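Visitor:
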Amino acid sequence: MKKTKSLRGLRFSLTEHIPAARWCLALAVIAFTATVSVRKYIDLAETAAFSSFEAMFLIITDITNIVFIYLPLYLFTVCGIMFGGDFGGIDILRCGSRGRWLAGKAVTYAVNTALFFAAVLTANLIVCSRTFEFSSVWSSGFVGFRTMTGSPAADFSAPPLPTITGAAVSALLLYLFCGMINMFFSLLTDRESTALFVSLFAGIALGLLNMTEGSNGLGSQLLRCLALAASSGAAYVFALAAVSKKDLGRVKTG
Amino acid sequence: MNFFKADIKRIFTEQSFWLSIVLGAVLLFGGLGYCLSAEDFTEDANGLYSRAQALALPFAAPLLAAMPYSVMIMTERETKFGALMILKQSGTHKQRKQSKQSRHYRIKRFFTVGLSGAAALFIPHAAMFAVCAVLGNMPDIRLLALPVTFGFGWAALSYGLTFVNRQRYVPLVMPQVLYLLAIYAFPYLKLDRFYPPLDISPALNGSIITTDRFVLPAVLALAGLFLTAFGKEADRQ
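Chains A and B supply the protein sequences, listed in that same order. For the first sequence, our numbering assigns the number 2 to the initial residue and increments by one for each residue that follows. For the second sequence, our numbering assigns the number 574 to the initial residue and increments by one for each residue that follows.
1. Please report whether the beta-carbon of B:A758 lies at a distance below 8 Å from any beta-carbon of chain A.
2. Are the Cβ atoms of A:S38 and A:E134 separated by less than 8 Å?
3. Tell me the rounded alpha-carbon separation between A:P161 and A:N217.
4. On the DSSP letters alone, give me the boundaries of the alpha helix (DSSP H) that A:V112 sits inside.
5. In whole angstroms, give me the CA-to-CA distance for A:S40 and A:F33.
6. Please look up how many angstroms separate the CB atoms of A:F84 and A:A27, rounded, as I've assumed it's under 8 Å.
7. Are the CB atoms of A:A154 and A:L188 nearer to each other than 8 Å?
8. Grab me the residues of B:M647's own chain with a C-beta within less than 7 Å of its C-beta, minus the 5 sequence neighbours each way, in chain order.
9. Would you say B:V686 reaches chain A, if we count a Cβ-Cβ gap shorter than 8 Å as a contact?
10. Look at B:L789 and B:P775 and say whether their C-beta atoms are less than 8 Å apart.
11. Just reading off the alpha helix (DSSP H) that B:D580 is part of, what are its end residues?
12. Here's a check: name, in chain order, each residue in its chain whose Cβ is nearer than 7 Å to the Cβ of A:I91, leaving out the five neighbours to either side.
13. Return the CA-CA distance between B:N575 and B:D772, expressed in angstroms with no decimal places.
14. Three Cβ pairs or more, each shorter than 8 Å: is that satisfied between the segment 691–698 of chain B and the segment 716–730 of chain B?
15. Can you tell me where the alpha helix (DSSP H) holding A:A154 begins and where it ends?
16. Please tell me whether B:A699 and B:L717 are closer than 8 Å, where the distance is taken between their beta carbons.
17. Can you name the residues of chain B whose CB is closer than 9 Å to the CB of A:K247?
18. In whole angstroms, give me the CA-to-CA distance for A:T109 and A:F77.
19. List, in chain order, every chain B residue whose beta-carbon is nearer than 9 Å to that of A:F33.
20. Identify every residue that forms a DSSP beta bridge with A:S52.
21. Compute the beta-carbon to beta-carbon distance between B:T652 and B:I584, rounded to the nearest angstrom, for a pair I have assumed lies under 8 Å.
22. In this structure, how does DSSP classify B:F759 when only helix, strand and coil are distinguished?
23. So, helix, strand or coil for A:G220, using DSSP?
24. On a CA-only basis, which of A:S245, A:K247, A:V79, A:F51 is nearest A:V257? Give me that one, please.
25. Please determine whether the Cβ atom of B:G779 lies at a distance below 7 Å from any heavy atom of the ligand GDP.
26. Would you identify the three-state DSSP class for B:R676, choosing helix, strand or coil?
27. Among B:I781, B:L800, B:A625, B:S589, which has the Cα closest to the Cα of B:I610?
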């Protein structure tokens, strides 16, 4: 019975509150930004020839893209999730408990984060693979270019694919953490705009710290991923504490 | 005509309008102070005005244009004031349908919102223009046309966005986000001619006023007008 209610609540949360208009806008901006990013690296490639994986690595570790363009767009896409269904009033009855309702919301955030990231990676990979040639190893020109611009040579000790995957998972967990912060502040403030801006500033601060400190080697990426996963878990626990005390009957959302 | 007079008077009673002017003045005079302290002032007031103006304000200008009055119609929607105004106008033009009246009201408001954005950028610019004129030679008077067209265009777009969403923060923030995105993208798309900050600060790349400076504001104003006329959220009056 409990399992049925949880599943019903989760299915409801996943399917009932899809922000379709925001997703359309997000996809359009992702496609546009991917095209512009690759044009930027075409200009750079005049100084050092890049492969498609190397261009992907540059895009996925570019602060302008990940922190200042995709992160606000991601938060704008997901920040309405908590406010669907009159802020839980009927959803909680459907799920059977506040904890299950929040778990459904957390899974919805996670699924939206994964879909958003899949869209970002796919769009960039498509544009990169059409523009640059494929190579499964780092080219000496690219490594020389990166070390000359301040990256440690240790960043390129592993092959491109695991390194890009590590950087992508780290960025994905950063976004998930911002989503959890957004969920927590939505519960605290009842206002979509406040939750959006607070989680955006937290995400920008953490993103800058995450992407400027340390190297992009696999070991560092793993440590970052663990720290971000633990932070996301902590944010969820805080949200759980907030939802258990919340008087949902009196909420006026905005 | 009474509607325009009353609405323009209302602009000057809005706190957000004065806040926008104060923020604009802080950015402009902060830039002027920096230029005066950092440079050897050589009585080139035209250059001084352009340099001081280009320092900080161009990067927040769409937000300043959108702040004063763009979301007023959303407030009116919540308080039902808009419905009252439409009813009042229906009384004077009984032959028109309610939906036509609503659109008519929205489009009239479009022009006052555009003027509010233009005024919010023009007033601090005019003040700095006067200060620069006192300090030295008279800057090029045509430079004062740019804040007007820029403010009108971005405020009009912001106003249009109120008819395609329900959140009040979106029309305020979205123009600034689009502006920053355009700043990032235009150089790589070979659209340097229409680089948005040049529309208010041609001095950023040392260029002079050309017709290119009015293309993007005109496109934005037309986009705003289109959203105003056909946006669905307006039916929620």
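From the three backbone atoms N, C-alpha and C, an ideal C-beta is built for every residue, glycine too. Fair warning: this is a prediction, and the values are worked out from it, not measured in the lab.
Guide: Looking at the atomic coordinates:
1. yes
2. It is not a contact, given that the beta carbons lie outside the stated cut-off.
3. Whole-angstrom Cα-Cα distance: 11 Å.
4. Note, A:V112: alpha helix (DSSP H), 99–132.
5. Note on identity: in this sequence residue 40 of chain A is Arg, with Ser being the wrong assignment. About 11 Å.
6. 18 Å between Cβ atoms; not a contact.
7. The answer is no: Cβ separation not under 8 Å.
8. If we look at B:M647 and ignore the five residues flanking it on each side, its Cβ neighbours are T735, R741.
9. no
10. No.
11. 575–584
12. none
13. 33 Å
14. Under the 8 Å Cβ criterion, the segment 691–698 of chain B counts as touching the segment 716–730 of chain B, having at least three qualifying pairs.
15. Taken as a continuous stretch (DSSP letters only), A:A154 belongs to no alpha helix (DSSP H), as it is neither H nor E.
16. yes
17. The premise fails here: A:K247 is roughly 22 Å from chain B at the closest Cβ pair, so nothing lies under 9 Å.
18. 15 Å
19. L754, A758
20. The partner list for A:S52 (beta bridge, DSSP) reads A:E134.
21. About 18 Å separates the two Cβ atoms, so there is no contact after all.
22. Correct three-state label for B:F759: coil.
23. Per DSSP, reduced to three states, the secondary structure at A:G220 is helical.
24. Residue 257 of chain A falls outside the range modelled here, since chain A spans only 2 to 255, and no answer is possible.
25. Here there are no bound small molecules, and the ligand GDP is not part of this structure.
26. helix
27. In the sequence as displayed, the identity of residue 610 of chain B is Ser instead of Ile. Taking only the C-alpha atoms, the option nearest B:S610 is B:A625.
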